[in-house]
Amino acid sequence: MGLGHGDLGEVLVRPAWLPRDGHRRHGALLPLAALGEMMETGPAMGPAAPAPGGTATACHGEDGCPPRGSALALLCLLLLPAACSPATGSSPGIKGRVTQRALEYGRHFGLELLRSQLQKEHELNLQGSYQPPLLGEIQYSVPRIHIQELQMNDSSVGFAEDVGVRLAVQGARIQLSANWSAQLGTFQDSGVVQLRVADLAVAVVLGLSVDEGGRPAVWAAGCDARGTDLHLEFHRGQSWLYNLLVPLFQRTLRQQLNKQLCVELEKSISRMEASLKRMRVSPQLDPFAAIDLSLLGRPDITAEHGDVSLKGEFFGVGRRWQSPFSPKPVGLPEAREPMVLLALTEFVANSAAFVYFTAGALRRNISGEALPRRFPIQLSTKSLGGFSPKLQELFPDLPMELQLSARRQPLLSCHPDALHGTLYGSAEAFVVLPNATRLPVFLLDIDANVTGKPSITGNRLGGTVRLTSLSVAQVTSQVGPLQVAVPPRASPSGGPAAHPPRPQPGAPAPLAARGLPAPRHGPAVRALRPAASSKGTLQGWGAF
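Note that full-length UniProt numbering numbers the sequence shown so that position 297 is 297, with each residue one more than the last.
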């Protein structure tokens with residue numbers, strides 16, 4: 001027989017701890033009911049998380065109960081560049097939202113977790129006594145139980161506002177066996193008992209919070225278990241006698257079983273909490289950088305979704321430089337379609353660029369072996385001699401190397417339509433002499449503006465990148481002025497376009513990129529004009 005609305009009673013969620021925001025909250029009753037529907041949470045404000053080392057509320061069976069366990073699933077990613085706007089230091093670098101749709105999709109993960117925790121042997125150590133009429137006192141002991149079958153076909157999951165996540169299971173079926181021993185006066189006996197419980201209902205609330213180190217914290221916020229259809233059968237020993245007594249103590253046994261289900265769930269949540277306390281919130285990514293992913297506060301739980309705010313700041317390994325950037329306020333749209341929303345502010349990218357630039361990591365040497373053989377320009381004096389005839393004259397047919405590095409920190413800015421990046425780089429060319437000595441021959445400044453647009457196609461997250469401007473300026477040269485030409489582009493009518501005038505050696509040429517710094521010294525080689533770019537392509541003509 002099913003449970004009607006309100007049959008689960010009211011699971012009391014008591015604020016046993018002082019909330020971290022300094023405001024005390026009143027206790028609240030969460031009426032948990034079902035009949036195949038989502039459990040309903042009353043107009044209540046939930047408790048804050050327990051302080052580290054605090055204890056969870058005790059679990060009771062039919063007498064009323066405090067809650068426990070469940071799981072969240074993060075399944076889809078949406079990048080929201082439109083969430084960038086101006087700034088305060090307390091704002092998160094990363095903000096995420098899990099919606100009700102994600103909980104529904106991930107419900108089976110929580111049930112599998114619950115099943116894996118329950119469907120195995122458990123230490124029970126149940127001891128007690130019972131005094132049936134005429135027989136005297138019987139003392140019994142059940143050291144352990146083994147759950148053999150667990151079916152949970154009717155379940156629901158949702159958010160418990162200001163508390164965490166709730167999970168309700170209705171009409172479940174469980175079958176278990178246990179070893180037992182009993183004593184009546186001087187008479188002792190032992191055997192095996194099999195128990196089948198049908199029409200089992202379990203309601204669990206998992207509280208979500210944050211500890212003092214910014215790690216996520218969980219606690220048992222409430223639990224209630226009710227099993228109405230119970231069948232008990234003894235085997236071995238004087239089983240025929242005990243089976244006659246089953247109707248006499250069946251009610252007491254049902255109460256103990258309901259209570260023990262919540263105890264086991266509470267133990268699982270305690271193990272989960274212990275694992276979270278060992279979690280590193282600032283993982284090191286490589287020898288140069290680590291990222292601070294600590295929570296800035298308790299998750300914001302509403303009836304429709306749960307929001308988390310992460311610091312999202314990169315910092316140097318071994319030394320933490322003061323970043324010149326501060327995170328910007330970020331908001332998430334009220335979208336019903338996505339399962340998970342993830343907003344990344346430009347603060348995350350700029351703090352990463354600052355750390356890698358300050359650590360000297362934005363530097364790379366490129367040799368001829370690193371380029372494909374079909375690449376139109378090879379790193380040799382013969383291939384690059386067309387841009388500097390003197391290079392081939394002084395160093396005939398020798399290999400070359402390029403050292404690329406950032407002159408300034410790359411910058412990223414978020415706009416409603418796209419992401420805009422500015423790169424400030426330099427390229428120094430070396431001739432590799434027969435004795436393996438590297439001889440510098442010229443140095444170029446290379447500045448570029450790029451635009452990127454993230455996109456989602458089906459279940460894939462992708463994007464497009466477009467070069468909007470590029471300038472190359474000669475800084476120094478040991479092989480005379482470099483010659484850079486821009487190949488002709490097709491005109492809008494389809495005919496070839498004329499070459500722009502080639503600058504005379506030593507004559508300055510304007511930079512194509514607006515707002516980019518002028519060359520440090522030496523003549524400008526010329527600005528490279530990007531070709532008209534279509535979506536998803538990166539185009540531009542020129543060589544150096």
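Cβ coordinates follow ideal geometry from the N, Cα and C atoms, glycine included.
When the Cα atoms are used, what is the spatial distance from Glu-112 to Gln-148?
As a working note, residue 112 is residue 112 in the sequence shown. As a working note, residue 148 is residue 148 in the sequence shown. So the two alpha carbons sit approximately 15 Å from each other.
Tell me the DSSP secondary structure of Ser-426 in three-state form.
In the sequence shown, counting from the first residue as 1, residue 426 sits at position 426. Ser-426 falls in the strand class under three-state DSSP.
My guess is that Gly-318 and Ala-289 are in contact by the Cβ rule of under 8 Å, so how many angstroms apart are they, rounded?
Translated into the one-based positions of the sequence shown, residue 318 becomes position 318. Translated into the one-based positions of the sequence shown, residue 289 becomes position 289. No, Gly-318 and Ala-289 are not in contact; Cβ-Cβ is about 11 Å, not under 8 Å.
In or out: Asn-449 buried (at least 16 other Cβ within 10 Å) or exposed?
Within the sequence shown, the letter at position 449 stands for residue 449. Buried is the call here.
Specify, as a first and last residue, the run of the beta strand (DSSP E) that Glu-149 falls within.
The residue you call residue 149 lines up with position 149 of the sequence shown. Here the beta strand (DSSP E) through Glu-149 covers 138-151.
Can you list, in chain order, the residues of its chain whose CB lies under 6 Å from that of Met-152, leaving out five sequence neighbours each side?
For this step, residue 152 is matched to residue 152 along the sequence shown. Taken in chain order, the residues that qualify are Leu-111, Val-169 and Ala-172.
Using beta-carbon positions only, say whether Arg-226 and Leu-253 come within less than 9 Å of one another.
Along the sequence shown, one-based indexing puts residue 226 at 226. Along the sequence shown, one-based indexing puts residue 253 at 253. Going by C-beta atoms, Arg-226 is not nearer than 9 Å to Leu-253.
Taking C-alpha atoms, which residue in Gly-207, Trp-240, Gln-322 and Ser-388 lies nearest to Gly-306?
For this step, residue 306 is matched to residue 306 along the sequence shown. The option with the nearest alpha carbon to Gly-306 is Gly-207.
Arg-363 to Lys-453, Cα distance in whole Å?
Here residue 363 corresponds to residue number 363 of the sequence shown, with the count starting at 1. Here residue 453 corresponds to residue number 453 of the sequence shown, with the count starting at 1. The straight-line gap from Cα to Cα measures roughly 26 Å.
Suppose the cutoff is 8 Å on Cβ atoms and the five residues either side in sequence are ignored; what does the same chain contact list for Pro-287 look like?
Within the sequence shown, the letter at position 287 stands for residue 287. Counting only Cβ-Cβ distances below 8 Å, and skipping sequence neighbours, we find Val-317.
Can you tell me where the beta strand (DSSP E) holding Gln-183 begins and where it ends?
In the sequence shown, the residue the question calls residue 183 occupies position 183. Residues 164-184.
With H, G and I counted as helix, E and B as strand and the rest as coil, what does DSSP make of Pro-481?
By one-based count along the sequence shown, residue 481 stands at place 481. In this structure, Pro-481 counts as coil in the three-state DSSP scheme.
I think Ala-217 touches Asp-224, with their Cβ atoms under 8 Å apart; what is that distance to the nearest whole Å?
Position 217 of the sequence shown holds residue 217. Position 224 of the sequence shown holds residue 224. About 23 Å separates the two Cβ atoms, so there is no contact after all.
Determine the burial state of Asp-445: buried for a count of at least 16 other Cβ atoms within 10 Å of its Cβ, exposed for fewer.
Here the question's residue 445 lines up with position 445 in the sequence shown. Flag for Asp-445 reads buried.
Tell me the rounded alpha-carbon separation between Gly-222 and Leu-276.
For the purposes of this step, residue 222 is taken as the residue at position 222 of the sequence shown. For the purposes of this step, residue 276 is taken as the residue at position 276 of the sequence shown. Gly-222 and Leu-276: Cα-Cα distance of roughly 20 Å.
Are Gly-93 and Thr-345 close, meaning C-beta to C-beta below 9 Å?
Numbered from its first residue, the sequence shown carries residue 93 at position 93. Numbered from its first residue, the sequence shown carries residue 345 at position 345. Contact: yes.
Specify the secondary structure class of Arg-68 as computed by DSSP and reduced to three states.
Counting from one through the sequence shown, the residue named residue 68 turns up at place 68. In this prediction, Arg-68 has a pLDDT of 35, which is less than 50 and means its spatial position is unreliable; nothing more can be read from the coordinates.
Who are Arg-438's beta bridge partners in DSSP?
Here the question's residue 438 lines up with position 438 in the sequence shown. In DSSP, Arg-438 forms a bridge with Val-432.
Alpha carbon to alpha carbon, how far is Ala-220 from Ile-138? Give it in angstroms, no decimals.
Here residue 138 refers to the residue found at position 138 when the sequence shown is read from its first residue. Here residue 220 refers to the residue found at position 220 when the sequence shown is read from its first residue. Straight-line Cα distance between these residues: approximately 35 Å.
In the structure shown, what three-state DSSP assignment does Ser-380 receive?
Counting from 1 along the sequence shown, the entry for residue 380 is found at position 380. Strand.
Provide the residue span of the alpha helix (DSSP H) that contains Phe-357, from first to last.
Residue mapping note: residue 357 aligns to position 357 of the sequence shown, counting from 1. It spans 346-358 - the alpha helix (DSSP H) in which Phe-357 sits, taken as one unbroken run.
For Ala-352, count neighbouring Cβ atoms within 10 angstroms of its own Cβ and tell me buried if that reaches 16, exposed if not.
Locating residue 352 in the sequence shown gives position 352, counting from the first residue. That one is buried.
Quick check on Glu-264: does DSSP put it in helix, strand or coil?
On the sequence shown, residue 264 is found 264 positions in, with the first residue counted as 1. Helix, per DSSP.
Is it buried or exposed, Pro-247, if we count other Cβ atoms within 10 angstroms and call 16 or more buried?
For this step, residue 247 is matched to residue 247 along the sequence shown. With fewer than 16 other Cβ atoms within 10 Å, it is exposed.
Please classify Met-272: is it buried, with 16 or more other beta-carbons within 10 angstroms of its beta-carbon, or exposed?
As a first step, residue 272 must be located in the sequence shown, where it is residue number 272. Answer is buried; the Cβ neighbour count reaches 16.
Using CA atoms only, rank isn't needed, just tell me which of Gly-331, Gly-312 and Val-330 is closest to Ser-323.
On the sequence shown, position 323 is the one that residue 323 refers to. For the residues Gly-331, Gly-312 and Val-330, the minimum Cα distance to Ser-323 belongs to Gly-312.
Between the C-alpha atoms of Gln-403 and Ala-427, what's the straight-line distance to the nearest angstrom?
Translated into positions along the sequence shown, residue 403 becomes position 403. Translated into positions along the sequence shown, residue 427 becomes position 427. In a straight line, the C-alpha of Gln-403 is about 6 Å away from that of Ala-427.
Which first and last residues belong to the beta strand (DSSP E) in which Pro-216 is found?
On the sequence shown, position 216 is the one that residue 216 refers to. Element bounds for Pro-216: 216-235.
Can you tell me whether Leu-103 is buried or exposed, with buried defined as 16 or more other CB within 10 angstroms of its CB?
For this step, residue 103 is matched to residue 103 along the sequence shown. Looking at its Cβ environment, which holds 16 or more other Cβ atoms inside 10 Å, Leu-103 is buried.
Assuming Gly-96 and Val-308 form a contact by the criterion Cβ under 8 Å, report the distance between their Cβ atoms to the nearest whole angstrom.
Mapped onto the sequence shown, residue 96 falls at position 96. Mapped onto the sequence shown, residue 308 falls at position 308. That pair is a contact at about 5 Å.
What is the DSSP secondary structure of Glu-104, reduced to helix, strand or coil?
As a first step, residue 104 is located in the sequence shown; it is residue number 104 there, counting from the start. Three-state DSSP puts Glu-104 in a helix.
Mind checking who Gln-403 pairs with in its DSSP beta bridge?
Within the sequence shown, numbered from 1, the residue matching residue 403 stands at position 403. According to DSSP, which records beta bridges pairwise, Gln-403 is partnered with Asn-365 and Glu-428.
For Gly-158, is the classification buried or exposed, using 16 other Cβ atoms within 10 angstroms of its Cβ as the cut-off for buried?
Counting from one through the sequence shown, the residue named residue 158 turns up at place 158. Label assigned to Gly-158: buried.
What is the rounded straight-line gap between the Cα of Leu-195 and the Cα of Gln-175?
Along the sequence shown, one-based indexing puts residue 195 at 195. Along the sequence shown, one-based indexing puts residue 175 at 175. Their backbone Cα atoms lie some 6 Å apart in a straight line.
Per DSSP, what kind of secondary structure is Gly-207 in: helix, strand or coil?
For this step, residue 207 is matched to residue 207 along the sequence shown. Reduced to three states, the DSSP call for Gly-207 is strand.
Label Ala-48 either buried or exposed according to how many other C-beta atoms from any shown protein chain fall within 10 Å of its C-beta, with 16 as the threshold for buried.
Residue numbering aside, residue 48 sits at position 48 when the sequence shown is read from its first letter. Residue confidence is low: Ala-48 scores 36 on pLDDT, short of 50, so the model does not pin down where it sits. Its coordinate-derived value is still stated next. Buried.
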